[in-house]
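Each residue of the sequence shown is one higher than the last, beginning at 1 in the UniProt record's numbering. To start, the structure under review is shown below, and the notes come after it.
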Amino acid sequence: ALSRQTGSTLFMTLMAAFATLLYRYSGESDVVIGSPIANRNRSEIEPLIGFFVNTLVLRTKLEAELSFEQLLKQVRANTLTAYEHQDVPFEQIVEALQPQRSMSHSPLFQVMFVLQNTPMSDAELPGVRLSGLNAQSTIAKFDLTLSMSESLMGLECEWEYNTDLFDKSTIERMASHFENLLAAIVANPQQPVSKLSLLSATERQQLLFDWNDTQTDYPKDKCVHQLFEEQVVKTPDAVAVVFNRQELTYRQLNERANQLAHYLQTLGVKPEVLVGICVDRSLEMIVGLLGILKAGGAYVPLDPSYPAERLSYIMADAGIEVLLTQENLLSVLPLDCAQMVCWDRNWETIEQHCQDNPMTDVSADNLAYVIYTSGSTGEPKGVSVAHRGVNRLIVNTNYINLQEQDVVGLASNFSFDAVTFEIWGALVHGAKLVGIERDVMLSPHQLANSLQSQKISTLFVTTALFNQIANVVPSAFNSLQNLMFGGEAVDVSAIKAVLKNQPPQRLLHVYGPTESTTFSTWYLVSDVLEEAKTIPIGRPIANTQVYILDPQLQPVPIGVAGELHIGGDGLARGYLNRPELTQAKFIDNPFASDSSARLYKTGDLARYLPDGNIEFLGRLDHQVKIRGFRIELGEIEAVLSNHPHVLQAVAIATTDPAGNQRLVAYVVNEEETLSTQQLREFLQQQLPAYMVPSTFIVLDTLPLTPNGKVDRKALPAPDGDIERSRKHVAPRTEIEQILANIWQELLLVERVSIHDNFFELGGHSLLAVQLVSQIEKQFSLHLPLATLFQSSTIEQLAISIGTDLATDKLWSPLVPIQPKGSLPPFFCVAGAGGNVMYFHELSQYLGKDRPFYGLQAQGLDGETPPLESVEEIASQYIEAIETVEQVGPYFLGGHSFGGKVAFEMAQQLQRKGQMVYLTILDTTAPVSQPARQDDDRSNWDSAQWISAVASIVEELIGENLAISYEDISDLTPDEQFSYFKQQLEMVGFLPPQTDIKLVRGLLQVYRVQSQTDYVPLNTAPIPITLFRARDIGSEEENSTNLEQENPLDKDPAWGWNQFSDGVVDIHTVPGSHISMLNKPHVQILAQHLQKSLDKAQKHQLETLNAKTTEK
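Below you can see the structure in the form of structure tokens.
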């Protein structure tokens, strides 16, 4: 009837309906379908027997607001036009159009529609009874074929499909939806094709309501800090938080946070007042966050590593009235903040306030925090989250059950919303929160050891980090009860590796945008099919609803892709100061009975699996996630376009062979001299490090689509010949080629130039250790780690290796860790044990303009004997530094035992008439002291020496080596060294298969140096600056663990005043004897050291000017 009313044939009506089905399933508005035609349109061929069938290609354009009747008119016109040209063979059309051919599908169309509307009469033969037999196809000719025929029962359908693309249940659902669609068309042909119903009432009920039945009872009307205060009453003396071996109980944390809260209230902090917090990862960070909430305010995390320009924008956009920070971070913050509160500077005032819980009228509807995420306009946007949303995430939920005996790892950056779960999930349930250093998180071996030694039970890691760790040490997580990962596409092989190697008790794949308070869905990974290419993101967490909708907000069928929408109590309030964006992204929930309910449009593409779990498919826009950070590519493009010499810019995310995503920027510039380094530095001033592309490609023009838009698919691959931003020079020798292969494997890059810098490509100290290990295997050559600082490109390293292979290279104690810069170089002597690698971070934070040379001990190679007197060592070191600086002034420094060597160097140089400035890093003066009765090291056996060095290494890396004298004293010396080497390799301090002689060399140098007596005579006074570690006493206390009182302990200058030409300049810096040189403390040490060196240089210039004036 519908066909007759519109002047169409049944074929045209069914073709239009089938095109509508494909449109609704695929989301594609341009649908091309093939259909056979008898092609007997000439009277001459009517009596002929033969096959004249041709294939028509029918193209249909669909739009959301197009009614079915309008669509049918279009299909009718297209079909009649096709009939007029049915004589043109399909093969000839293909030849004329020359589409890109593929063995995987047919050209021009991959879907066929057939209507058999010719009556089929039964064949008759005399004396024979005949019956029909349906032919069974074994190979699908197309991806999908729908064949329909008329019968006495109506229309019969037969679906033929490619089993590589579809399964039986999918086609059965598709057939059912086609039937529902036909009924909807007949009922209302004037309805837009986008709103015609595909789903049955049962399916709709399942998708919208049954799978969203997640309601649980949780404290909707309480604030996060109030839940914490309830826990304090329950377990006041339980440990609440641990950072770098410092800890606070629940009572102590509550009292400190209360003092801060009362102080903040005097500054005007109350509900809806935003307080910025920019601090290092520490106990103070937790106290600060909690104190802000207790004062009634909401915190705005500010990552100290962000560029100053970005921090300034966030503070201005948020209207921050109070900023909580540390004195050492003031240099990266804008100085025009209304009220600046420095922990270290203001703590004496803060601790005068009351320790009782403050009174405030804050409610669960008030803001708890605002986290800034990347914005497509080039500026970050603030997501405003209330207390209720946090409560819904952590209390009485369905994906995890945290309890008081749990230990939760704090691994995330505190400006990343995963900390919401980590911090408040732990503290609201009475669990222990343990901070994990970033360096440990990035070292699979160290992380595995840390998780066990800290007894961590629950951990969240980004998917990128999970992939990395799982592929290196798949058993790293086996001590955990709950491991959660999420943020981007997961490497299925990494999942399989973890599952095969004693997996954690519960492995959870979680998903959720910041706008839905961290997590929205979860999936318990217990098994992975062999052919699996992805892992579902699961079902909604408690008190959360998830809908997969088409652009018209209609639910899509199971298996069909749509945009993921999230509802429920976890939704953020919106975007701070962005009402238009909030209105666009947070819409009314059309499926809720509550008229105030909203949905958040995630922009993520997903589909339902038959079992109700959700599969993530990608993004609808140009937003990506890299290492867990959400990045709007448009923000990178907008900032790049602001460069005065950039005409156009496009940013994309690509995936490297190891499955890691990286950012690539394409630019069209007006100056050929614009370099990659200039572009990188320009972005580093305005964007966080994780948003700076790793590769820049300069193009003459950007490729465009026929519509004039940038054709992102046509952009050249990052490793193609078009990459002219960095001149690529391929390996020229066998040594360079071997090194290039090693770099590609370690750094996960497809190609490297011989001029690429190892550290600029992503190398770090642990990878440097692995690189040296690989070089030793390939060349049978022991290469000191220090060589990497001297020769950090393939070309330089190949020359160094070639020279070592050809000759017996003379060893030098001088290591140019950072040799570039215009300022006078700083020469720093390593402590007992003599290896300078632990100075690397200090050299970095001193800046690129301060050359930094380390001085390391002879004997570390395990072959040459160590020098046994401080005077001999100092003399050797002076010869080495004179190859760099023939005359002074010399700026010397030394850590621990190295401080005494540096002092002797200064004395010898002064006797040569040179000017010297001395920096002492945490060691006492070389004065005669009473002998310690318990410290007769001359009688120590190898087990005692190994356990002593092990304790130093433990503090250096923050890990427990599980080595004590009792553990190894019953072993033979060879077994002791082997066990020590095995433990060092397990935590990543040494690479696998390290030569045992290097371990023996380390022990031998430490043994000799720690027993070296040095009391100088006839000294000359020199300028001395002393840096003392705040947390633990002197080097002697640290290394011997003796409780006997040291007479120098009562002297703030530790005896150095008698050797100084004035009062010793004393600085107390955070950290212990070892950790003062590691992150985060090394940043503060570097700042003070830089000021001290600048001051010394200024004094030197003034002295020279004074002498010149006298002359």
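We put the beta carbon where it would ideally sit given N, CA and C, even for glycine.
Going by beta carbons, V395 and V419 fall outside the 8 angstroms limit.
With 16 or more other CB atoms across the displayed protein chains lying within 10 angstroms of its CB, D280 is buried. Scanning V440, S450, N835 and V385 for the CA closest to the CA of T787 turns up N835. Membership of K61 in any alpha helix (DSSP H) is not indicated; the residue belongs instead to the beta strand (DSSP E) covering N54 to K61.
Apart from the 5 residues on each side of it in sequence, I738 sits with its Cβ closer than 6 angstroms to the Cβ of Q778 in its chain, given in chain order. In the three-state DSSP reduction, F839 falls in the helix class (H, G or I). By the Cβ rule, the stretch 476-488 does not count as touching the stretch 429-439, because fewer than three pairs are nearer than 8 angstroms.
Spanning the alpha carbons of A649 and S312 requires a straight line of approximately 25 angstroms. Distance from the Cα of H387 is smallest, within the candidate group N478, K220, M359 and T521, for K220. The C-beta separation of F839 from I881 comes to about 15 angstroms, leaving the pair out of contact by the 8 angstroms criterion.
Apart from the 5 residues on each side of it in sequence, I587 sits with its Cβ closer than 7 angstroms to the Cβ of R598, L599 and K601 in its chain, given in chain order. Note on the stretch 367-402: whole alpha helix (DSSP H) runs with a minimum of 4 residues are 387-394, in chain order.
With a 10 Å radius around the Cβ and a threshold of 16 neighbouring Cβ atoms, Y523 comes out buried. DSSP, read as helix, strand or coil, puts R598 in strand. In this structure, D143 lies near V111, with their beta-carbon atoms less than 8 angstroms apart.
Here A542 carries a coil assignment [DSSP, helix/strand/coil]. In the three-state reduction of the DSSP assignment, E879 falls in the helix class. Counting along the chain, no alpha helix (DSSP H) covers Y523; the unbroken beta strand (DSSP E) around it starts and ends at T521 to L524. V1008 and L984 do not touch by the CB rule: their CB atoms are close to 20 angstroms apart, not below 8 angstroms.
In the DSSP assignment, I37 forms a beta bridge with N54. With a cut-off of 8 angstroms on Cβ pairs, the stretch 907-924 is not in contact with the stretch 939-948, counting fewer than three such pairs.
The alpha carbon of S812 has as its nearest neighbour, out of K1095, K234, S947 and I878, the alpha carbon of I878.
As far as DSSP is concerned, N162 takes part in no beta bridge.
Bounds of any beta strand (DSSP E) do not take in M174; it lies within the alpha helix (DSSP H) bounded by K168 to A187.
For G821, the closest of E351, V815 and K848 by C-alpha to C-alpha distance is K848.
V498 sits close to F477, with the two beta carbons spaced by under 8 angstroms. Between L576 and G603 the beta-carbon gap is near 19 angstroms, outside 8 angstroms, which marks them as no contact.
When the five nearest sequence neighbours on each side are left out, the beta carbons in the same chain lying within less than 7 angstroms of the beta carbon of R578 are those of K381, in order along the chain. In the three-state DSSP reduction, I996 falls in the helix class (H, G or I). Closest by C-alpha distance to S443, out of E422, K141, F466 and N589, is F466. Counting C-beta pairs closer than 8 angstroms gives fewer than three between the stretch 188-206 and the stretch 315-334, which falls short of the contact rule.
Take P1080, set aside five residues on each side of it, and the residues of its chain with a beta-carbon closer than 6 angstroms to its own are D280, in chain order. At a Cβ-Cβ threshold of 8 angstroms, P1023 and S1060 count as neighbours. Distance check between N391 and each of F852, V927 and T518 places T518 closest, using alpha-carbon atoms only. In summary, F90 is buried, with 16 or more beta-carbon neighbours lying within 10 Å of its beta-carbon over all protein chains present. Every unbroken stretch of the alpha helix (DSSP H) spanning 4 or more residues and falling wholly within the stretch 298-346 is given here in chain order: 308-318.
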